[in-house]
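Residue numbers (our numbering): 12 to 157.
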């Protein structure tokens, strides 16, 4: 499982010209599921996302998590995070899980984030063509992988 995490002032997702999700201060999480991922990887990812100290304390140091600051999380499934570009110019996606495997794991991440205390969770639409807008705060962008 691989994720690109961006600390945002706000972020949103539109599908077919309709806004389906919007958050204010928090994290935008683009998440990719690999063919060998399962519940263990989703649980690790949730723990990591909730524990990351990406928000500043009064002294300006990164010392607070999204839970600590009462931030929101917007999770967007993105199989292209597993693009293989080593050969040629057309990316290959053999490492990305097929939709039937990836969607339940994506949903598990979202449900676990809610269960573990994220105050506001929004989602993209799995498998849809989405337009994602964000205002990156910092900018702060982290890539994590298990």
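For each residue, glycine too, the CB sits at the ideal point set by N, CA and C.
- Taking the Cβ atoms as the reference, residue 42 lies roughly 6 Å from residue 86, within the contact range of under 8 Å.
- The three-state reading of DSSP puts residue 52 in helix, counting H, G and I together.
- The three-state secondary structure of residue 29, taken from DSSP, is strand.
- For secondary structure counted as the beta strand (DSSP E) over 3 or more consecutive residues, the stretch 67–141 holds these complete runs in sequence order: 73–75, 83–88 and 131–134.
- By the criterion of a C-beta distance shorter than 8 Å, residue 149 is surrounded in its chain by 18, once the five residues flanking it on both sides are discounted.
- In this chain, the beta strand (DSSP E) harbouring residue 37 covers 37–43.
- By the criterion of a C-beta distance shorter than 8 Å, residue 61 is surrounded in its chain by 76, 77, 78, 124, 127, 128 and 129, once the five residues flanking it on both sides are discounted.
- The three-state secondary structure of residue 61, taken from DSSP, is helix.
- In the DSSP assignment, residue 157 is bridged to no other residue.
- With respect to residue 88, residue 113 sits close: the two C-beta atoms are nearer than 8 Å.
- Taking the Cα of residue 21 as reference, the smallest distance to any Cα among 157, 154 and 146 is reached at 146.
- Assigned with DSSP and collapsed to three states, residue 151 falls in strand.
- Residue 46 sits in coil when the DSSP states are folded into three classes, being neither helix nor strand.
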